[in-house]
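One gets my numbering by counting positions in the sequence shown from 1 and adding 28 to each. Backbone N, C-alpha and C define an ideal beta-carbon position, used for all residues, glycine too. Some notes on the structure that comes next.
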Amino acid sequence: MHDNARPCVLIPVYNHAEAVGRTCARLRHLSVPVILVDDGCEPACAEVLDRLADEPQTHLVRLARNRGKGAAVKAGLREAQRLGFTHALQVDADGQHDADDLPPFLAGLDAHDETLRIGYPRFDASVPRHRFYARYLTHSLVWLSTLSFALRDTMCGVKLYPVAATNRLIARHPCGDRMQFDTELPVRWVWAERAIENLPVRVSYPLDGVSHFAMWRDNRQLTLMHLRLLAGMLRRLPRLLRRHARLIRSTR
């Protein structure tokens, strides 16, 4: 990591009282500050976050009510920019991501590096099979929306955001406040012809894990998002095809 880069870890939290402390402890080997975002947690989890916020280099952002993962990440990115951080490594609070796989996300960073580094999961046997196979529907729609395979997996909760560039994109395209944010922002990043790097992350599903996926609400929002992205792809089709042709010629 170059001296002028100032990364942090960004953890959106919604009622992971049992897991978030362990997650923070596993991230200490990264030796970077942590921003916790309380997404309207219940009192028990809020108390845990208050205790964690007393630790060195730990910052807490508190949302008055639950607004969704996307809103929490966006609040954390605004705080990261206010505090002068150049990059924010988003990690889920539930501890499903192997912390030993995270240092490459921070390796070689320069303050002006505007590459979006995205984790793609290496699942172990704990992954629910319906989740594993359902991801490929999203992958297929993302590949169609971008007319490329630049994004291996947009749904992984590990992403390194260049803070200023990401906040500029969000100012133009909010990308949703809930689960849709994880996918829409990388698609728009590709549309803007910005750099992407995909890095592997081992993922395990804790036996006591808590899912906040609301089937009807979130599936509806994700469906609308994909329809919106497909419409956006059609509007950009000539430019995307020209870019695709350039990439093919450059590999010959």
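Worksheet item: Quick check: the stretch 61 to 80 against the stretch 140 to 153, are there 3 or more CB pairs under 8 Å?
Response: Contact between the stretch 61 to 80 and the stretch 140 to 153 is absent, because fewer than three Cβ pairs lie under 8 Å.
Practice prompt. Alpha carbon to alpha carbon, how far is Tyr164 from Met253? Give it in angstroms, no decimals.
Written response: 16 Å
Practice prompt. Would you tell me roughly how many angstroms separate the C-alpha atoms of Leu255 and Glu83, rounded to the nearest one?
Written response: 44 Å
Fill in: Beta-carbon proximity check, Gly96 vs Arg200, cutoff 7 Å
no
Worksheet item: What's the gap between the Cα of Ala259 and the Cα of Val60?
Response: 40 Å
Fill in: Spatial neighbours of Ile39 in its chain, beta-carbon cut-off 6 Å, leaving aside the 5 residues before and after
Leu64, Val119, Ala121
Item to complete: Label Asp236 either buried or exposed according to how many other C-beta atoms from any shown protein chain fall within 10 Å of its C-beta, with 16 as the threshold for buried.
Response: Note that Asp236 scores 47 on pLDDT, short of 50, meaning its location in the model is unreliable and no value can be drawn from it.
Worksheet entry | Residues near Ala108 by beta carbon distance below 7 Å, same chain, minus five either side | Cys36, Leu38, Ile63, Ala116, Val191
Practice prompt. Assuming Gly104 contacts Gly204 (C-beta within less than 8 Å), just tell me the rounded distance between them.
Written response: With 8 Å as the limit, Gly104 and Gly204 do not qualify as a contact, their Cβ atoms being about 15 Å apart.
Practice prompt. Name the residue from Leu227, Leu169, Arg145 whose alpha carbon lies nearest to the alpha carbon of Trp217.
Written response: Arg145
Item to complete: Grab the span of the alpha helix (DSSP H) containing Gly49 for me, first residue to last.
Response: 48 to 54
Worksheet item: What residue does the alpha helix (DSSP H) around Pro132 start on, and which one ends it?
Response: It spans 131 to 134 - the alpha helix (DSSP H) in which Pro132 sits, taken as one unbroken run.
Fill in: Neighbour-count burial assignment, Asn43, 16 or more Cβ in a 10 Å radius
buried
Worksheet item: Could you give the C-beta distance for Leu257 and Ser173, rounded to a whole number, given that I count them as a contact under 8 Å?
Response: 4 Å
Discussion item. Taking the straight line between their C-alpha atoms, what separation do you get for His87 and Leu275?
Written reply: Taking the CA atoms as reference points, His87 sits about 42 Å from Leu275.
Worksheet item: Got a sec: does the ligand SAM put a non-hydrogen atom nearer than 6 Å to the Cβ of Tyr42?
Response: Among the components modelled here there is no ligand, and therefore nothing to report on the ligand SAM.
Discussion item. Helix, strand or coil for Ile39? Go by DSSP, reduced to three states.
Written reply: DSSP, reduced to helix, strand and coil, places Ile39 within a strand of the structure shown.
Fill in: Collapsed DSSP secondary structure at Leu252 in the structure displayed
It is helical.
Discussion item. For the alpha helix (DSSP H) containing Pro71, name the first residue and the last one.
Written reply: 71 to 81
Fill in: His44 in three-state terms, based on DSSP
coil
Practice prompt. Look at the alpha carbon of Asp67 and the alpha carbon of Val41, and state the distance between them as a whole number of angstroms.
Written response: If I take the Cα positions, the gap works out to 6 Å.
Discussion item. What would DSSP say about Gln118, mapped onto helix, strand or coil?
Written reply: strand
Worksheet entry | Supposed close pair Leu175, His272 - CB separation, criterion 8 Å | 6 Å
Worksheet entry | Test item: CB-CB of Leu181 and Ser232 under 7 Å | Note that residue 181 corresponds to Asp in the displayed sequence, not to Leu. At a Cβ-Cβ threshold of 7 Å, Asp181 and Ser232 do not count as neighbours.
Item to complete: Under 6 Å Cβ to Cβ from Gly185, same chain only, skipping five residues before and after it: list those, please.
Response: Asp120
Worksheet item: Taking Cβ to Cβ, would you say Gly123 is nearer than 7 Å to Arg50?
Response: yes
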